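Student:
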Amino acid sequence: MDVSMTVNGKEVSADVEPRTLLTDFVRNNLGLTGTNIGCDTSQCGSCTVHMDGMAVKSCTVLAVQADGSDITTIEGLASNGQLHPMQQAFWDAHGLQCGFCTPGMIMASVKIADGNPGITDEDVRHGLEGNFCRCTGYENIIKAVKMGAAAMGGQS
Amino acid sequence: MSRYMGTSVKRVEDPRFLQGRAKYVANLSLPGMAYIAVKRSPLAHATIRGIDTSQAEALDGVIGVFTGQNLLDGGASFACGALPCGFTPPDIVTPAHNPVAVDKVRHVGDAVAVVVAESPYIAEDALDLIDVDLDPLPAVVDARGAMDDGAPLVHDEAPNNLSYHWPLGDEEATNQALADADHVIELEFINQRLIANAMEPRACVAEWDEATESMTVWTTTQNPHTIRLLLGAFTLGIPEQKIRVIAPDVGGGFGSKIFHYPEEVITPWVARAIKRPAKWVATRSESYVTDAQGRDHVTRAKIGVTNDGMITGLHVTTWANNGAYLSTFAPLIPTALYITLLSGVYKIPHIFGQTYGTLTNTVPVDAYRGAGRPEASYLLETMVDLAARKLDMDPVELRRKNLIPSDEFPYQTPVALVYDSGNYQALFDRAEDLSGYEALRNEQESARSEGRLVGIGFASCIEASGPAPSAVAVGLGAAIGLFESGTIRVHPTGKVTVLTGSHSHGQGHETTFAQIVADEFGIDIEDVDIVHGDTDRIPYGVGTYGSRSAAIGGSALVKSAEKIREKLKKIAAHQLEASVDDMVYDQDEGTISVAGSPEAVKTFAELAFALTTADNLPEGMEPGLEETTFYDPANFTFPASAHVAKVEIDAKTGEVDLQSYAAVDDVGNVINPMIVEGQILGGIAQGVGQALWEHGIYDEDGQLLSGSMLSYAIPRADGFPSIAVDRIETPSPHNPLGVKGAGEMGTIAATAAVSSAVLDALAPLGITHMNMPLTPEKIQRAIAAAGNGGGE
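Here the protein sequences line up with chains A and B, keeping their order.
Once you know that position 16 of the first sequence is 15 in numbering that gives the first Met the number 0, the rest is easy, because the numbers rise by one and skip nothing.
Once you know that position 126 of the second sequence is 125 in numbering that gives the first Met the number 0, the rest is easy, because the numbers rise by one and skip nothing.
1. DSSP on A477 (chain B), reduced to helix/strand/coil?
2. If you reduce the DSSP assignment to three classes, tell me which class W279 (chain B) lands in.
3. Please name the residue in B:I50, B:P491, B:A550, B:A599 whose C-alpha comes closest to that of D130 (chain B).
4. Quick check on DSSP: helix, strand or coil for G789 (chain B)?
5. Can you list, in chain order, the residues of its chain with a C-beta nearer than 6 Å to that of E791 (chain B)? Leave out the 5 residues immediately preceding and following it.
6. Who are the neighbours of T34 (chain A) on chain B, taking C-beta pairs under 9 Å?
7. On the three-state DSSP scale, how would you describe E621 (chain B)?
8. Does the beta carbon of H26 (chain B) sit closer than 9 Å to a beta carbon anywhere in chain A?
9. Using a Cβ cut-off of 8 Å, pull out every chain A residue sitting near I722 (chain B), in sequence order please.
10. Pull up the distance between the alpha-carbon of I817 (chain B) and that of G136 (chain A), whole angstroms please.
11. Following a CB-centred definition, is H125 (chain A) positioned closer than 8 Å to any heavy atom of the ligand SAH?
12. Going straight from the alpha carbon of G589 (chain B) to that of F603 (chain B), what length do you get?
13. In chain order, what residues of the stretch 542 to 573 of chain B put their CB closer than 9 Å to some CB of chain A?
14. State yes or no: is the beta carbon of G789 (chain B) nearer than 9 Å to at least one beta carbon in chain A?
15. Just how far apart, CA to CA, sit G789 (chain B) and D649 (chain B)?
16. Going along chain B in order, which residues have a C-beta closer than 8 Å to the C-beta of H49 (chain A)?
17. If the cut-off is 9 Å on Cβ atoms, which residues from the stretch 488 to 500 of chain B count as contacting chain A, listed in chain order?
18. Answer with buried or exposed for L439 (chain B), where buried requires no fewer than 16 other C-beta atoms within 10 angstroms of its C-beta.
19. Please work out which residues of its chain come closer than 6 Å, Cβ to Cβ, to Y584 (chain B), disregarding the five sequence neighbours upstream and downstream, and give them in chain order.
20. Shortest alpha-carbon distance to R164 (chain A) belongs to which of A:G67, A:G33, A:L95?
21. Would you mind sorting E396 (chain B) into buried or exposed? The rule is 16 or more other CB atoms within 10 Å of its CB.
22. Need the endpoints of the beta strand (DSSP E) that P166 (chain B) sits in, please.
23. At what residue ranges does the stretch 642 to 701 of chain B contain a whole run of the beta strand (DSSP E), taking only runs of 3 or more?
24. Please classify P89 (chain B) as buried or exposed, where buried requires at least 16 neighbouring CB atoms within 10 angstroms.
25. Could you round the C-beta distance between V288 (chain B) and G352 (chain B) to whole angstroms and report it? I think they count as a contact, below 8 Å.
26. Taking only beta-carbon positions, decide if F719 (chain B) is within less than 9 Å of chain A.
27. Can you find at least 3 beta carbon pairs, one from the stretch 716 to 731 of chain B and one from the stretch 45 to 54 of chain A, that sit closer than 8 Å?
28. In the structure shown, what three-state DSSP assignment does F24 (chain A) receive?
29. Of the choices B:S754, B:L341, B:S501, whose alpha-carbon is the least far from that of L416 (chain B)?
30. Between the Cα of D295 (chain B) and those of B:L758, B:A43, B:A142, B:E743, spot the shortest distance and give me the residue it belongs to.
31. Taking T46 (chain B) as part of the beta strand (DSSP E), name the residues at either end of that continuous run.
32. Indicate whether the contact test is met: 3 or more Cβ pairs, each with one atom in the stretch 623 to 635 of chain B and one in the stretch 475 to 493 of chain B, closer than 8 Å.
33. What does P102 (chain A) reach in chain B if we use C-beta pairs closer than 7 Å?
34. Kindly list, in the order they appear in chain B, the residues whose Cβ is closer than 8 Å to that of L61 (chain A).
35. Tell me the DSSP secondary structure of H531 (chain B) in three-state form.
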């Protein structure tokens, strides 16, 4: 089937099998391997991307479902060579170790922080329930998201 | 003095991870690449009667289907060998582990056939078309039950499913010490099976070069040189010098990526067979039934105490589940990394411990974060708590009475180890202070008077980190020495490339090792690049596990830097026409000058260039500026910890609310406080996970019931309070950096601290012990049973 969508601001289209997952589409068809696959049951959140302004786990979306949509992956978050404030905050707060969950964690965090510059610990912990990290114990991720949210000032 | 050591330098490796540019194995794509999927046994124990691959082979897009027999039939230079065991104490039985099962399957997930196809989707489709005729056999899953008469045999060559028996200590003296004690407390308990769940599933890519008959293997490993050694010597039939193993960015390991796995044999074998690059990436479901798992002990322990709270002796018998095959280091974990740790931070006059290592129809068990040491700490701290309760003594008071005094280091324990340094009294002082221990106890008292279940747990633990002096390790049964290599290559412009045999998969070596080297020379950290994870670039490596990288890999770099500084001094002396003995290396400035004549000076970069032009060197000096050190430590290092947890339990639901957690650790000198704290925090989360949530549960048929992230309770962000972390520093005298291991301490202490807190909360109900994980269901049942007049 033919699919067309905007990914990181660029129009893309391809002929894919109907069963192709969005996560495989961005990784294999577009070569955007920053979106990682950590599980096969939609628990871990490593594959989180933005689809029409929502954070979605791209392993639960078929590429054909994303037809006509606007997708942002981790590769599209920085602009003009500047890290997004949430990326910068993860760096500053040591919010990552092995880095595998990090793209999904950051994509989810951007949406949690959107419109919520003074986000609380509790809101972050609740908001990231669907994103697993095995390295950090989350402590520094919570710090990072709060710093990132403040730096974003309510804007995504 | 130093500009980088001891400071929280932000991680230099982070930008690629933050922007989705990391090079994980699964991201690798090579021209003409084929995709591998593995058909796995749905049964825990069965005879393979036949495998029909014809339908799968007929599927459009399938390149080939291979069985275990095909992998063995390749002839001397093209057959897969069995996966070896790298730790073999005396009299061990080591049954063969073929990469793909041949006549029998022995655990759910055992490989039975391999599909190679043009796409991952087609390979998966083909798996469903393979018809495997299995004749079910009864299974055995329990660590101790495996030794029962009449239990199903996992391997015919291991009677009673016993692989090894490992005793240590003086049993007679220990029994006498227990007989002489005023009180002996006995407990039988389970340390449950855990699953590492590194976020990156394992993966392997291989490329065969027909022209040079050489193989490149990209794999998710913590120790690429060890994998190359095993591929060359045992499993692949290709000479070691013709194999290059690359472990690029690796997404967490926690022990589970130390071992040599079947897919690391299958993938290069396929690449050579089909003469195309081949790729295998585990699904998470496969990870659950193929990644080596952790813990799984049944233990019977006895501790003796006097009326005034002095420990007289400890007697331990453990049955350790090794799973269906002996994984690479499996027998090491519940023996030399467990029994030897049973003295903890205490002076215990007599200790005897023994382990029966058994085989069962479950996924192999090997090192998982802490690896033997959390099991020892949990045992000891649980027994000490029970002793305190028996004597109606505050558990911290009893612990303090038995601490090894700070002036008794080096301290020889009754179980082989000699502790390097420590100040456990200071550690306790800081932990009581940080946690507000006294206030917590007062709060508990008033909560109890209101009928609320509030508990405080205290755990004080030791770790033997940085394995190990090679002579000791090999003497105990290790097949390889446990040193580390470190090369420093100074380029003509004074920029530096560092080649380390340690491997970073989240630990931040690209930053901490650069801090070490920059300070050794007095140069900018931006001028130092750390290279790891490639057997063609790094002379040799032992790898990263057992919290060994800073102490051993870091020390190798210090030694190489010392050699380079000595060479630089000689050339500076020659060019400044002074005596080498008068040369002063200023590590702040990166300069060498003549003592008393600061105007006679050469910079690091000038001297590096001089060794490149090589036209004005001391007589006999070789040009070039590169040094390698193979550093073998004199001893383990012994970090210690005191952690305090507070919980409140909802008596109706049994739910545990972890309300506060304070951790004080002594990991010796600290290179980067931010990274060390990150390691401690992450370790704590895994320790709390074992205490409260995580459990690899097998039913009696050997089916893994918690075999996905849906059913295995991985700690989530909402499970923790904010955690307070602090430290004291008693440097290790055994390495030039004075560092001790920091990677596993959090896990080692947290399991014991949180379990202790929960049991403390339930103490007023007469509940003395519960096996982990301490889930709401279990606690609720225990509370109900206690209400009916009895604990669990």
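Glycine included, C-beta positions come from ideal geometry on N, C-alpha and C.
Values in this document were obtained by computation on a predicted structure and should not be read as measured data.
Tutor: Looking at the atomic coordinates:
1. Strand, per DSSP.
2. strand
3. B:I50
4. Because the pLDDT of G789 (chain B) is 47, which lies under 50, any placement of that residue in the model is unreliable, and the number read from its coordinates should be weighed accordingly. In this structure, G789 (chain B) counts as coil in the three-state DSSP scheme.
5. Any answer about E791 (chain B) is weak, because its pLDDT of 44 lies below 50 and its placement is not dependable; what the coordinates show is given next. M769, A781.
6. G19
7. coil
8. The residue asked about is misnamed: residue 26 (chain B) is Asn in this sequence, not His. Yes, contact with chain A.
9. Residues of chain A whose Cβ lies closer than 8 Å to the Cβ of I722 (chain B) are, in chain order, G136, E138.
10. No answer is possible for residue 817 (chain B): the residues shown for chain B start at 0 and end at 791.
11. By its list of ligands, the structure shown contains no ligand whatsoever, and the ligand SAH lies outside what it can speak to.
12. 5 Å
13. none
14. Only weak support is given to the placement of G789 (chain B): the predicted model assigns it a pLDDT of 47, under 50, and the value that follows is read from those uncertain coordinates. For G789 (chain B), the answer is no, since every Cβ of chain A falls outside 9 Å of its Cβ.
15. In this prediction, G789 (chain B) has a pLDDT of 47, which is less than 50 and means its spatial position is unreliable; what the coordinates show is noted afterwards. For G789 (chain B) and D649 (chain B), the distance between alpha carbons rounds to 19 Å.
16. By Cβ distance, chain B contributes nothing, its closest Cβ being about 13 Å from H49 (chain A), past 8 Å.
17. none
18. So L439 (chain B) counts as buried.
19. R564, I591
20. Only positions 0 to 155 of chain A appear in this structure, which leaves residue 164 (chain A) out of reach.
21. exposed
22. 161 to 168
23. 655 to 665
24. Under this definition P89 (chain B) is an exposed residue.
25. Not quite, the Cβ-Cβ distance comes to about 31 Å (not below 8 Å), so this is no contact.
26. yes
27. No, they do not touch.
28. helix
29. Comparing Cα positions, the closest option is B:L341.
30. Comparing alpha-carbon positions, the option among B:L758, B:A43, B:A142, B:E743 lying closest to D295 (chain B) turns out to be B:A142.
31. 45 to 51
32. yes
33. G19
34. None at all; the shortest Cβ gap to chain B is about 13 Å.
35. coil
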